[in-house]
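Input: a single structure, listed below in structure tokens.
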Amino acid sequence: MDIEDVRSDLSEVLFTEKQITDRIAEMARDIERDYPKGDVLLVGVLKGAVILMADLARELKFHAHIDFMAVSSYGASTQSSGVVKINKDLDTEVAGKNVLLIEDIMDSGLTLSWLVNNMMARGAASVEVCAMFRKPEAVKIPVEVKYVGFDIPPAFVVGYGLDYAENYRNVRGLGVLSPHVYEGADPHA
Ligand code: IMP
Numbered sequence: 002m003d004i005e006d007v008r009s010d011l012s013e014v015l016f017t018e019k020q021i022t023d024r025i026a027e028m029a030r031d032i033e034r035d036y037p038k039g040d041v042l043l044v045g046v047l048k049g050a051v052i053l054m055a056d057l058a059r060e061l062k063f064h065a066h067i068d069f070m071a072v073s074s075y076g077a078s079t080q081s082s083g084v085v086k087i088n089k090d091l092d093t094e095v096a097g098k099n100v101l102l103i104e105d106i107m108d109s110g111l112t113l114s115w116l117v118n119n120m121m122a123r124g125a126a127s128v129e130v131c132a133m134f135r136k137p138e139a140v141k142i143p144v145e146v147k148y149v150g151f152d153i154p155p156a157f158v159v160g161y162g163l164d165y166a167e168n169y170r171n172v173r174g175l176g177v178l179s180p181h182v183y184e185g186a187d188p189h190a
């Protein structure tokens, strides 16, 4: 879907698809510089990172090896529970490998800090993080994000893999969800 197809659900359009893909090309050049032999495993965090993974992996000029994990850090409560559960684990052994975690967005940092520690505990040779969006004002657990697309305000955003109630993931571009769509409910819940 184009962002114009959901424009009435958004209070603001933050980035067009073109702005995002241009930024991904720059991030890919940084990644190629840092892994000149291409010896890195891209680990995407489902479901949100699917779109970024597809665009980033195809932009890279080496054979990108990819795998996915599904975790949940948000339960039924409106606050992050502090608990991260693995819903789908990797198919790949990460011991001795350079891991690059691919995340759609870093909000509180809880998910990413847990994932970094989890990859280290499995014996990864190195662990770095690539996040398309980051909300610096929402960070509770600082995590070093080596490759960040854009810093954004602490609003609830949708599009480019990010959902509200499983909708909007396939929207090209990123926008702030208008409060009238969730009518008083906490969209993070
Ligand atoms: P963190 O553990 O608080 O950093 O949360 C990261 C996860 O929360 C992301 O991978 C998203 O799935 C979800 N999330 C955080 N902020 C947003 C948002 O603005 N829109 C949609 N999902 C979000």
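The opening position of the sequence shown corresponds to residue 2 in this note's numbering, with each subsequent residue numbered one higher.
Glycine included, each C-beta is placed from N, C-alpha and C at the ideal position.
Values in this document were obtained by computation on a predicted structure and should not be read as measured data.
Where does the unbroken beta strand (DSSP E) through residue i begin, and where does it stop?
i, result
"lysine 89", "86-89"
"methionine 2", "Neither: methionine 2 is in no beta strand (DSSP E) and is coded neither H nor E."
"alanine 12", "At residue 12 the sequence reads serine, which differs from the alanine that was named. Where serine 12 is concerned, the enclosing beta strand (DSSP E) stretches over 11-16."
"glutamate 60", "It is not in any beta strand (DSSP E) - glutamate 60 instead sits in the alpha helix (DSSP H) that spans 51-60."
"alanine 132", "127-135"
"serine 73", "66-73"
"asparagine 168", "Counting along the chain, asparagine 168 falls outside any beta strand (DSSP E), and DSSP gives it neither H nor E."
"valine 117", "It is not in any beta strand (DSSP E) - valine 117 instead sits in the alpha helix (DSSP H) that spans 111-122."
Do the CB positions of residue i and residue j come within less than 7 Å of each other?
i, j, result
"tryptophan 115", "valine 85", "yes"
"isoleucine 21", "tyrosine 148", "no"
"glycine 45", "isoleucine 106", "no"
"lysine 136", "aspartate 90", "no"
"isoleucine 142", "leucine 111", "yes"
"glycine 150", "arginine 24", "yes"
"lysine 62", "glutamate 33", "yes"
Give the range of the alpha helix (DSSP H) segment to which residue i is assigned.
i, result
"tyrosine 183", "180-183"
Any idea if residue i is buried or exposed, counting beta-carbon neighbours within 10 angstroms, 16 or more meaning buried?
i, result
"methionine 133", "buried"
"methionine 70", "buried"
Exercise. Spell out a yes or no on whether the segment 120-128 and the segment 90-97 are touching, meaning 3 or more CB-CB pairs, one atom from each, closer than 8 Å.
Key: Segments in contact, yes.
Practice problem: Would you check if there are 3 or more beta carbon pairs closer than 8 Å linking the segment 30-48 to the segment 7-17? | Solution: Judged by pairs of C-beta atoms under 8 Å, the segment 30-48 does not touch the segment 7-17, as fewer than three such pairs exist.
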